[in-house]
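This report concerns only the one structure given below.
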Ligand code: PRP
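In the working numbering, the protein residues as written are -11 to 210.
Here is the structure:
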């Protein structure tokens, strides 16, 4: 195995991380959308990328099976972040965590009455903390995807999900009733790797941080 490994997921996070890695001289030798390889060599012989499921990134880094990783704040909140050093908000994968209901659902009245609600979500921990902070009683229903279906089928009253353009909610006749927090992807580092592999990790962190800072302000704030 190369000296340094970085875990990240395919898709949007991978695509948006590429320019930041390029700034550190790291260019993957293959496209993960085409290759079936899960360990991708890069233009730097000492660095490889590990292609993992987004929700598995913190686990790989926590256990030191990857030295570094890129994970959304949504995923990090569910994981808890224990055993992870989180030095850098990469400002990519921007969206928001939100509460949504079926159009016409009396959300304000439900909150006011203090009624018990059923919440379907992939983000159980975040949802639990959000509603606990509001003093609301909720029954949480864990789902793994297509959460928008839950209010439409009567499985739940509301969902907690990521919203980016809002198109998915709109297409399913749902409305956002509360924004919980803004979400973006973070660089995470295994604390032991930071100490033991400092000579490799530190310059990498610095070059990625410089690339993040150098992006156009409009893009960084978008
Ligand atoms: C996310 C989220 C919504 C959608 C929101 O799903 O769960 O379904 O994006 O985006 P929009 O507001 O731009 O329509 P994603 O595509 O990441 O797939 P997932 O369901 O596997 O998480």
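Backbone N, C-alpha and C fix where the C-beta goes; we use that ideal spot for every residue, glycine too. Please read all numbers here as calculations on a predicted model, not as lab measurements.
Secondary structure at residue i, three-state DSSP: helix, strand or coil?
i           : result
residue 62  : helix
residue 148 : strand
residue 194 : helix
residue 40  : coil
residue 139 : helix
residue 21  : coil
residue 220 : As displayed, the chain neither begins before -11 nor continues past 210, which places residue 220 out of reach and without an answer.
residue 111 : coil
residue 3   : helix
residue 73  : strand
residue 179 : helix
residue 211 : Residue 211 lies beyond the range of the chain shown here (-11 to 210); nothing can be said about it.
residue 170 : strand
residue 57  : strand
residue 156 : helix
residue -9  : coil
residue 189 : helix
residue 9   : helix
residue 184 : helix
Thinking just about the alpha-carbon of each residue, which of the options is nearest to the one in residue i?
i           : options           : result
residue 21  : 34, 7, -1         : -1
residue 84  : 53, 111, 167, -8  : 167
residue 34  : 99, 16, 82        : 16
residue 101 : 122, 82, 115, 87  : 122
residue 165 : 153, 91, 52, 75   : 91
residue 197 : 116, 80, 158, 104 : 80
residue 178 : 98, 54, 172, 152  : 54
residue 149 : 202, 97, 169      : 169
residue -8  : 200, 188, 194     : 188
residue 86  : 97, 69, 119       : 119
residue 191 : -5, 3, 2, 9       : 9
residue 124 : 103, 143, 141, 77 : 103
residue 98  : 114, 126, 117, 6  : 126
residue 50  : 70, 58, 172       : 70
residue 202 : 78, 143, 43, 153  : 78
residue 157 : 171, 142, 134, 3  : 134
residue 152 : 115, 143, 185, 82 : 82
residue 61  : 1, 142, 155       : 1
Among the residues of its own chain, which have a CB less than 7 Å from the CB of residue i, if the five just before and after it don't count?
i          : result
residue 26 : 38, 39
residue 29 : 17, 36
residue 4  : 80, 81
To which residues of the same chain is residue i closer than 8 Å at the C-beta, ignoring the five residues directly before and after it?
i           : result
residue 64  : 46, 72, 74, 174, 176
residue 112 : 66, 128, 130
residue 139 : 88, 89, 90, 93, 108, 145, 146, 147, 162
residue 41  : -3
residue 13  : 31, 32, 195
residue 180 : 52
residue 193 : 75, 76, 175, 177
residue 171 : 60, 61, 62, 81, 82, 83, 84, 85, 150
residue 48  : -5, 38, 40, 54, 57
Tell me which residues share the same chain as residue i and place their Cβ nearer than 6 Å to its Cβ, disregarding the 5 neighbours each side in the sequence.
i           : result
residue 160 : 136
residue 76  : 175, 197
residue -6  : 37, 56
What residues does the ligand PRP have around it, judged by CB closer than 5 Å to any heavy atom, in chain order?
-> 133, 149, 150, 151, 152, 153, 154, 155, 156
Any chance you could list the alpha helix (DSSP H) runs of at least 4 consecutive residues sitting entirely within the stretch 84 to 133, in chain order?
-> 95 to 101, 112 to 121
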